[in-house]
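*Asks:*
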Amino acid sequence: MFRELTCGFILLFLGFGELAMAQSKRQQLSPEKIFLRDRWTIQSSAQVKEKGDALSQRVFQPRNWYPAKVPSTVAGTLIDNKVYPDPFTGMNLRMMPGCSYPIGANFSLRPMPEDSPFRVSWWYRNEFRLPASYRGLNIWLHFDGVNFRANVWLNGKQIATSDQIAGTFRVHELNIRDTARAGELNTLAVEIFPQQPDDLGWTWVDWNPMPPDKNMGIFREVYVTTSGPLTLRYPQVVTRFDLPSLETAHLTVNAEAHNATDHEVEGVLSGSTEGIRFSQPVKLAPQETRSVSFTPEQFPQLNLVHPRVWWPVHQGAQNLYGLEMEFTVDGKVSDRGSTRFGIREITSELDTQNHLIFKVNGQNLLIRGGGWASDMFLRFRPERLKAEFQYVKDMNLNAIRLEGQLQPDYFFDLADEYGILIMAGWCCCSHWEHWQHRNDYKEGPVWDKEDYDIAAKSQADQIRRLRNHPSVLAWLNGSDNPPPADVEQMYVDILKKYQWPNPFISSATAKRAELSGVTGVKMEGPYEWVPASYWLLDKEAGGAHGFATEISPGPAVPPLESLKRMIPKEHLWPIDDYWNYHAGGGQFKNIKVFTDALNSRYGTAKDVRDYAIKSQLMTYEGQRAMFEAYAGNRYRSTGVIQWMLNNAWPSLIWHLYDYYLMPAGGYFGTKKACEPIHVQYSYDDQSVVAVNTTYQPQRELKLKAQVYDLDLAERFSKVTEIDLPADSNLKAFSIPQIKDLTVTYFLKLTLQNSAGQIISSNFYWLSTTDDVLNLKGTKWYYTPVSSYADMTQLEKLLPVKLAASGRAMRRGGEEIALVTISNPSRGLAFFVHLQIKQGSSERDVLPVVWEDNYISLLPGERREVTATYKVRDLGNAAAFLKVEGWNSVPLEIPLTVKKKR
3 MFRELTCGFI
13 LLFLGFGELA
23 MAQSKRQQLS
33 PEKIFLRDRW
43 TIQSSAQVKE
53 KGDALSQRVF
63 QPRNWYPAKV
73 PSTVAGTLID
83 NKVYPDPFTG
93 MNLRMMPGCS
103 YPIGANFSLR
113 PMPEDSPFRV
123 SWWYRNEFRL
133 PASYRGLNIW
143 LHFDGVNFRA
153 NVWLNGKQIA
163 TSDQIAGTFR
173 VHELNIRDTA
183 RAGELNTLAV
193 EIFPQQPDDL
203 GWTWVDWNPM
213 PPDKNMGIFR
223 EVYVTTSGPL
233 TLRYPQVVTR
243 FDLPSLETAH
253 LTVNAEAHNA
263 TDHEVEGVLS
273 GSTEGIRFSQ
283 PVKLAPQETR
293 SVSFTPEQFP
303 QLNLVHPRVW
313 WPVHQGAQNL
323 YGLEMEFTVD
333 GKVSDRGSTR
343 FGIREITSEL
353 DTQNHLIFKV
363 NGQNLLIRGG
373 GWASDMFLRF
383 RPERLKAEFQ
393 YVKDMNLNAI
403 RLEGQLQPDY
413 FFDLADEYGI
423 LIMAGWCCCS
433 HWEHWQHRND
443 YKEGPVWDKE
453 DYDIAAKSQA
463 DQIRRLRNHP
473 SVLAWLNGSD
483 NPPPADVEQM
493 YVDILKKYQW
503 PNPFISSATA
513 KRAELSGVTG
523 VKMEGPYEWV
533 PASYWLLDKE
543 AGGAHGFATE
553 ISPGPAVPPL
563 ESLKRMIPKE
573 HLWPIDDYWN
583 YHAGGGQFKN
593 IKVFTDALNS
603 RYGTAKDVRD
613 YAIKSQLMTY
623 EGQRAMFEAY
633 AGNRYRSTGV
643 IQWMLNNAWP
653 SLIWHLYDYY
663 LMPAGGYFGT
673 KKACEPIHVQ
683 YSYDDQSVVA
693 VNTTYQPQRE
703 LKLKAQVYDL
713 DLAERFSKVT
723 EIDLPADSNL
733 KAFSIPQIKD
743 LTVTYFLKLT
753 LQNSAGQIIS
763 SNFYWLSTTD
773 DVLNLKGTKW
783 YYTPVSSYAD
793 MTQLEKLLPV
803 KLAASGRAMR
813 RGGEEIALVT
823 ISNPSRGLAF
833 FVHLQIKQGS
843 SERDVLPVVW
853 EDNYISLLPG
863 ERREVTATYK
873 VRDLGNAAAF
883 LKVEGWNSVP
893 LEIPLTVKKK
903 R
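In our numbering, the protein residues as written are 3 to 903.
(1) Excluding sequence positions up to five away, which residues of its chain have a Cβ less than 8 Å from the Cβ of T898?
(2) Of all the options S827, I857 and V850, which has the alpha carbon lying nearest to the alpha carbon of Q392?
(3) In terms of alpha-carbon separation, which member of G877, V885 and G841 lies closest to S858?
(4) Measuring alpha carbon to alpha carbon, tell me which of D353, K900 and A831 ends up nearest W888.
(5) Between the Cα of R294 and the Cα atoms of A287, H680 and P283, which residue gives the shortest distance?
(6) Is the beta carbon of E530 sitting closer than 8 Å to the one on Y685?
(7) Tell me whether the segment 595-612 and the segment 537-546 touch, counting them as touching only if at least three CB pairs, one residue from each stretch, are closer than 8 Å.
(8) Between A869, G373 and L749, which has its C-alpha nearest I655's C-alpha?
(9) CA-CA distance, S74 and I81?
(10) Against chain D, does D773 count as a neighbour if the rule is that its beta carbon must be under 8 Å from one of theirs?
(11) Rounded to a whole number of angstroms, what is the C-alpha to C-alpha distance between G527 and P555?
(12) So A56 is in the alpha helix (DSSP H); what residue range does that whole segment cover?
(13) Between the segment 309-328 and the segment 344-355, do at least 3 Cβ pairs fall closer than 8 Å?
(14) Tell me the rounded alpha-carbon separation between I167 and D418.
(15) Name the residue from E516, V331, S274 and T250 whose alpha carbon lies nearest to the alpha carbon of S262.
(16) May I ask you to list the residues that DSSP assigns as paired with L497?
(17) Going straight from the alpha carbon of M793 to that of R121, what length do you get?
(18) Can you give me the Cβ contacts of V595 inside the same chain, cut-off strictly under 6 Å, excluding the 5 residues immediately before and after it?
(19) Since W502 is in the beta strand (DSSP E), which residue starts that stretch and which ends it?
(20) Jot down the residue ranges of each uninterrupted beta strand (DSSP E) in the segment 94-149, minimum 3 residues, whole runs only, in chain order.
(21) Please specify which runs of the alpha helix (DSSP H), each continuous and at least 4 residues long, are wholly inside the segment 168-218, giving them in chain order.
(22) Excluding the 5 residues preceding and the 5 following D772 in the sequence, name in chain order all residues of the same chain whose CB lies nearer than 7 Å to its CB.
(23) I'd like to know whether the C-beta atoms of I724 and L705 end up nearer to each other than 8 Å.
(24) Under 8 Å by Cβ, that's how I've got P199 and H584 pegged, so tell me the actual separation to the nearest angstrom.
(25) Rounded to whole angstroms, what's the CA-CA distance from K27 to Y136? Just pull it up for me.
(26) If contacts are defined as beta-carbon pairs under 8 Å, then Y580 and M93 qualify, I think. What distance do you get, rounded to the angstrom?
(27) Can you tell me which of the three DSSP states F629 falls into?
(28) Which whole-angstrom value is the C-beta distance of T770 and L743, which I expect to be below 8 Å?
(29) Within 8 Å, do at least three Cβ pairs link the segment 751-762 to the segment 676-684?
(30) State the DSSP-derived secondary structure class of W312, mapped to helix, strand or coil.
(31) Taking 8 Å as the threshold (C-beta atoms), are P99 and P214 in contact?
(32) Could you tell me which of A692, W575, T597 and N648 sits nearest to A633, measuring between CA atoms?
(33) Pop quiz: L796 and G829 are said to be a contact at Cβ under 8 Å. What is the actual Cβ separation, rounded to whole angstroms?
(34) Distance, Cα to Cα, S350 vs W449?
(35) Who pairs with K890 in a beta bridge, going by DSSP?
(36) Please find out if some non-hydrogen atom of the ligand GTP comes closer than 7 Å to the beta-carbon of R828.
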């Protein structure tokens with residue numbers, strides 16, 4: 003029997019050991035799950051003459067098959083088995099068979115080459131033992147993600163066909179009661195078929211190359227559960243407040259009930275959360291599936307007084323509750339489930355300019371985030387994922403956008419815990435938006451009956467999976483285009499049917515939808531380099547007005563250490579095709595616009611080291627300016643999503659930290675700009691603005707601005723005292739025109755609290771020669787520049803010697819380094835970069851969370867900053883501090899380590 007449902011319980015992510023069977027630590031009453039993660043083998047069907055009935059029997063011996071894990075893709079598994087060299091170095095990916103498609107092309111829309119080994123199906127095979135206690139129960143085999151189609155055999159019998167298991171974002175559940183062997187070894191064979199250009203599959207658009215297998219594989223968890231005659235899935239808690247009051251939360255509990263038998267069954271569905279209990283009888287017809295609700299009107303105990311409210315990061319605590327549910331039949335437990343939930347309410351509205359504003363628990367919230375990219379081979383690495391969420395929080399961002407690349411449950415669990423809001427939805431530039439021919443899509447296949455079916459079921463599966471996470475902000479039914487009326491109506495009906503509690507939008511663009519009308523968001527670019535002044539000067543495209551769903555100041559060239567890992571030594575300089583291969587696709591196949599600006603503004607790069615340092619200066623300046631403009635203009639600006647947050651592989655474009663988890667210029671420019679309480683400079687009118695994005699007022703603050711010549715002669719200074727109401731900005735004063743300034747000059751801003759502590763500081767390098775925008779020449783991806791600002795005098799800064807010391811405190815598996823740097827010289831120490839190294843090697847300790855970095859120090863200034871990292875990432879070496887700046891003499895010192903008792 004085939005059943006198109008998923009297990010709605012939060013998965014337990016175990017270490018990838020042998021066959022994993024465990025009780026969930028997060029949900030104490032969750033049913034046992036047997037995760038099929040290890041002991042898999044794979045092989046091409048071109049190399050296997052046997053069929054599924056033979057392959058799924060114990061007598062078959064998979065000789066010369068490749069060991070594999072699940073989740074995995076075929077190409078990823080072959081790379082793990084050293085069949086191909088590291089595809090992330092140089093142009094090795096291009097050397098893999100099947101990668102002969104044109105560089106920069108969207109491979110998801112092209113057929114696989116005739117000689118590709120991935121044109122044919124591939125087999126996944128596994129043997130697993132089921133407990134004898136499973137006898138007499140319904141046994142469910144779950145596939146949480148298969149790309150794209152699959153035939154499934156178990157113990158010699160086919161239990162699902164490729165017509166049933168089809169769709170990258172489908173979630174499947176098979177009742178294997180009549181085929182599984184409790185108390186014995188079972189053999190599973192899964193024949194995987196790759197996605198075709200007209201499939202609703204996975205795409206990388208122009209972000210990076212696509213692997214030659216098009217991510218074919220079992221890329222999400224496979225596991226086994228059991229139940230009695232009735233099952234419960236997708237437990238959900240919906241919160242409503244009597245806004246603006248948060249004194250009472252009105253909770254509605256929903257769950258999906260299913261009768262797995264061929265006769266009517268009556269049971270009792272009950273639930274509890276923190277001592278609050280509720281139950282009701284449920285009668286289900288044969289094979290009936292029904293949503294069962296517990297409303298606060300029916301069950302007054304679900305009106306919770308003085309709840310612990312869930313807030314996004316930086317706005318309050320991420321309080322989470324546990325819900326436990328149980329289905330009994332004749333007094334016996336038929337199924338159990340549990341989940342976590344947050345008590346919060348998210349709404350949205352259009353302002354008078356038709357800009358979309360999100361509200362969390364009745365409060366306006368400026369959305370600041372980045373677009374997510376999965377690992378190119380869809381590898382699931384929990385520790386890395388956690389580190390990336392730590393980075394998002396550390397940068398003071400509050401959101402991530404998922405364009406099509408919907409993530410596993412653990413991703414959303416982390417988002418709940420960290421308070422990171424998630425915008426999720428379907429992807430552009432693929433069959434997902436080829437509903438019909440239109441001006442930008444005049445040829446090629448359009449949706450057929452199967453596409454409509456897969457799209458509807460994919461929407462239902464993902465909505466039910468995501469709907470209970472407090473971190474989920476909104477759902478987007480399209481990306482670069484709104485769906486036509488019939489498709490949007492289908493999507494909206496599904497959202498309503500499955501009690502979607504959050505806002506939803508027709509697309510990520512300002513294009514008016516036939517059905518739902520105005521979106522309130524925009525997608526007007528840029529995606530290419532623009533100067534810092536752009537964000538406040540542009541009034542028509544990507545400037546700081548409205549809600550920008552994807553936008554960027556362009557390339558983000560990694561530091562030299564990362565460049566050496568991704569580009570072969572013989573191609574490190576000058577920039578060549580090896581560099582360009584690690585740019586993007588389509589319009590973004592090189593970094594020429596960025597490089598021309600760098601050479602013109604900061605002086606022509608002399609070598610790769612000089613280019614890498616100047617690149618960090620460019621990206622710091624660019625990212626800081628974008629995020630500051632959107633914060634300074636709120637709520638004329640209501641949200642900004644940086645395109646992108648991260649990369650699928652080592653890349654030269656669109657990230658705030660690189661693939662190796664190196665935080666660099668863009669990271670720290672973003673972190674600076676997004677400080678909850680912040681002082682900033684406006685490039686359009688030279689004003690100094692204090693920003694408070696918290697919900698608490700800030701009183702008796704002291705704001706100071708100082709302007710310095712290149713030789714550090716102070717040319718202007720002003721101090722003023724201010725109060726900042728909650729969630730407000732204040733334009734304190736403007737920097738006046740100053741005669742006879744050097745062409746390049748500096749502005750230092752500080753904001754102190756009533757105790758005299760500096761709560762925000764900001765250092766700008768500016769020019770009396772401005773960047774001049776050619777606004778009339780604006781294209782969808784950037785606005786050209788007629789002439790550049792002159793920052794070349796920065797190259798004339800004299801070398802300085804810094805003093806530095808560092809000590810580290812070891813606390814469990816973490817080490818916290820306290821670093822002190824000071825500038826005893828008479829010159830400016832500009833853009834000083836701090837790194838923690840594995841001993842005296844060139845390898846950085848990564849990931850690492852720095853309190854601040856790329857710091858500029860005036861003569862006599864001293865700074866203390868911390869760095870936090872995992873002891874294991876030292877690689878058995880001692881931690882060394884490396885200090886290197888624009889004009890400071892490099893130095894390295896070992897850190898003294900003290901273990902905390």
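We put the beta carbon where it would ideally sit given N, CA and C, even for glycine.
*Replies:* Walking through what the data contain:
(1) For the purposes of this step, residue 898 is taken as the residue at position 896 of the sequence shown. Here the set comprises G808, R809 and A810.
(2) For the purposes of this step, residue 392 is identified with residue 390 of the sequence shown, where counting begins at 1. Q392 has its Cα closest to that of V850, out of S827, I857 and V850.
(3) Position 856 of the sequence shown, counting from 1, holds the residue named residue 858. The residue with the shortest Cα to Cα distance from S858 is V885.
(4) Within the sequence shown, numbered from 1, the residue matching residue 888 stands at position 886. Nearest of D353, K900 and A831 to W888, Cα basis: A831.
(5) Within the sequence shown, numbered from 1, the residue matching residue 294 stands at position 292. First, the amino acid is wrong: residue 294 is Val here, not Arg. The candidate whose alpha carbon is nearest that of V294 is P283.
(6) Indexing the sequence shown from 1 puts residue 530 at position 528. Indexing the sequence shown from 1 puts residue 685 at position 683. No, the pair does not count as a contact, with Cβ atoms beyond the cut-off.
(7) no
(8) Taking the first residue of the sequence shown as 1, we reach residue 655 at position 653. Among A869, G373 and L749, the Cα nearest to that of I655 belongs to G373.
(9) The residue you call residue 74 lines up with position 72 of the sequence shown. The residue you call residue 81 lines up with position 79 of the sequence shown. Using only the alpha carbons, I get a separation of about 11 Å.
(10) Among the chains of the structure shown, chain D does not appear; only one protein chain is present.
(11) Counting from one through the sequence shown, the residue named residue 527 turns up at place 525. Counting from one through the sequence shown, the residue named residue 555 turns up at place 553. Taking the straight line from one Cα to the other gives about 9 Å.
(12) Along the sequence shown, one-based indexing puts residue 56 at 54. Run containing A56: G54 to L57, per the alpha helix (DSSP H) assignment.
(13) yes
(14) Position 165 of the sequence shown, counted from the start, is the residue given in the question as residue 167. Position 416 of the sequence shown, counted from the start, is the residue given in the question as residue 418. When rounded, the distance between both Cα atoms is 30 Å.
(15) Residue 262 sits at position 260 when you count from the first residue of the sequence shown. The amino acid occupying residue 262 in the given sequence is Ala; Ser does not appear at that position. Out of E516, V331, S274 and T250, V331 has the C-alpha closest to the C-alpha of A262.
(16) The residue given as residue 497 occupies position 495 in the sequence shown. L497 pairs with nothing; no bridge assigned.
(17) Locating residue 793 in the sequence shown gives position 791, where the first residue counts as 1. Locating residue 121 in the sequence shown gives position 119, where the first residue counts as 1. For M793 and R121, the distance between alpha carbons rounds to 53 Å.
(18) Position 593 of the sequence shown, counting from 1, holds the residue named residue 595. Excluding sequence neighbours, V595 sits near E530 and W531.
(19) As a first step, residue 502 is located in the sequence shown; it is residue number 500 there, counting from the start. No beta strand (DSSP E) holds W502; DSSP gives it neither H nor E.
(20) 124-131 and 140-145
(21) none
(22) One-based indexing of the sequence shown puts residue 772 at position 770. So the list reads S535 and A791, once near-sequence residues are dropped.
(23) Counting from one through the sequence shown, the residue named residue 724 turns up at place 722. Counting from one through the sequence shown, the residue named residue 705 turns up at place 703. Taking 8 Å as the Cβ cut-off, I724 and L705 qualify as a contacting pair.
(24) Here the question's residue 199 lines up with position 197 in the sequence shown. Here the question's residue 584 lines up with position 582 in the sequence shown. Not confirmed; about 25 Å, so no contact.
(25) In the sequence shown, the residue the question calls residue 27 occupies position 25. In the sequence shown, the residue the question calls residue 136 occupies position 134. The pLDDT assigned to K27 is 34, lower than 50, so where the model puts this residue is not dependable, and the model offers no usable value.
(26) The residue you call residue 580 lines up with position 578 of the sequence shown. The residue you call residue 93 lines up with position 91 of the sequence shown. So it is a contact: roughly 6 Å between Cβ atoms.
(27) The residue given as residue 629 occupies position 627 in the sequence shown. The answer is helix: DSSP assigns F629 an H, G or I state.
(28) For this step, residue 770 is matched to residue 768 along the sequence shown. For this step, residue 743 is matched to residue 741 along the sequence shown. Contact holds; Cβ gap of about 6 Å.
(29) yes
(30) As a position in the sequence shown, residue 312 is number 310, starting the count at 1. Reduced to three states, the DSSP call for W312 is strand.
(31) Walking along the sequence shown from the start, residue 214 turns up at place 212. Walking along the sequence shown from the start, residue 99 turns up at place 97. Against a cut-off of 8 Å, the Cβ pair of P99 and P214 comes out as a contact.
(32) Here residue 633 is taken as the residue at index 631 of the sequence shown, counted from 1. If we check each option's Cα against that of A633, A692 comes out closest.
(33) Residue numbering aside, residue 796 sits at position 794 when the sequence shown is read from its first letter. Residue numbering aside, residue 829 sits at position 827 when the sequence shown is read from its first letter. L796 to G829, Cβ: 12 Å. No contact.
(34) By 1-based counting over the sequence shown, the position of residue 350 is 348. By 1-based counting over the sequence shown, the position of residue 449 is 447. Their backbone Cα atoms lie some 31 Å apart in a straight line.
(35) Against the sequence shown, residue 890 aligns to sequence position 888. Note that residue 890 corresponds to Ser in the displayed sequence, not to Lys. The partner list for S890 (beta bridge, DSSP) reads V802.
(36) Ligands displayed in this structure: none; no statement on the ligand GTP is therefore possible.
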